[in-house]
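A.B. asks: Quick one: the structure is below, and I'll ask about it shortly.
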Amino acid sequence: MGYYWPTMVKDCLEYAKKCQSCQLHANFIHQPPEPLHPTVASWPFDAWGLDVVGPITPKSSAGHIYILAATDYFSKWAEAVPLKEVKKETVVDFIRVNIIFRYGVPRYIITDNGRPFYNKSMDKLCTQFGFKQQTLQCTMRRRTAWQKPSIKPFAIF
């Protein structure tokens, strides 16, 4: 036996508005702990954001559990590769082949402080090609590659 309640959503919202406990403990938008500093690129392929997504379960049919993704800050163009494991050499090769050799040397590569991004191999690549690596120094976790809703990761059911 089922019941039909045509105004259920409206009634629930009204109840939540009047509930003291709901108002105190509900999710609400917090002010960021520090002022936001938007990253602005002057022209296409000037600045790229890189990040690793994963581990992803279940594994792909080829055994990949990570995705290394890069997004151009100006055009929002995305490049991504699946990975079985994240190594600094793989990240350096990805930047060299999928960014520098395809689109030219960027002015900036923006990453977090993760081990695959912040190491001597990356320093050597930056020096070799003459670009700067900027790392995010913020208290809130921010995905550097997932700037646009159309390329955000999604759940597969």
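Take the sequence shown: its letter number 7 is residue 7 in UniProt numbering, and every next letter is one higher.
All C-beta atoms, glycine included, are put in the ideal place defined by N, C-alpha and C.
Quick caveat, the model's predicted, so the values are computed rather than measured.
Please classify Phe101 as buried or exposed, where buried requires at least 16 other C-beta atoms within 10 Å of its C-beta.
C.D. replies: Taking the sequence shown and counting its residues from 1, the one referred to as residue 101 is at position 101. Looking at its Cβ environment, which holds fewer than 16 other Cβ atoms inside 10 Å, Phe101 is exposed.
A.B. asks: Taking the alpha helix (DSSP H) that Leu125 falls in, what are its first and last residues?
C.D. replies: Residue mapping note: residue 125 aligns to position 125 of the sequence shown, counting from 1. Where Leu125 is concerned, the enclosing alpha helix (DSSP H) stretches over 120-129.
A.B. asks: Would Pro6 and Trp48 qualify as a contact pair, given that the criterion is a beta-carbon distance under 8 Å?
C.D. replies: Here residue 6 corresponds to residue number 6 of the sequence shown, with the count starting at 1. Here residue 48 corresponds to residue number 48 of the sequence shown, with the count starting at 1. No. Outside cutoff.
A.B. asks: For Ala70, is the beta carbon positioned less than 7 Å from some heavy atom of the ligand HEM?
C.D. replies: Ligands are entirely absent from the displayed structure, and the ligand HEM is therefore not among its contents.
A.B. asks: Measure how close the beta-carbons of Pro116 and Val91 come, nearest whole angstrom, since I'm counting them as under 8 Å.
C.D. replies: Within the sequence shown, residue 116 is the residue found at index 116, counting from 1. Within the sequence shown, residue 91 is the residue found at index 91, counting from 1. Going by Cβ atoms, the distance from Pro116 to Val91 rounds to 5 Å, so yes, they are a contact pair.
A.B. asks: Taking Cβ positions only, does Tyr73 come closer than 8 Å to chain C?
C.D. replies: Here there is only one protein chain, and chain C is not present.
A.B. asks: Let me check one thing: in DSSP terms, what residues is Trp5 bridge-paired to?
C.D. replies: As a working mapping, residue 5 is identified with position 5 in the sequence shown. Its beta-bridge partners do not exist; DSSP assigns none.
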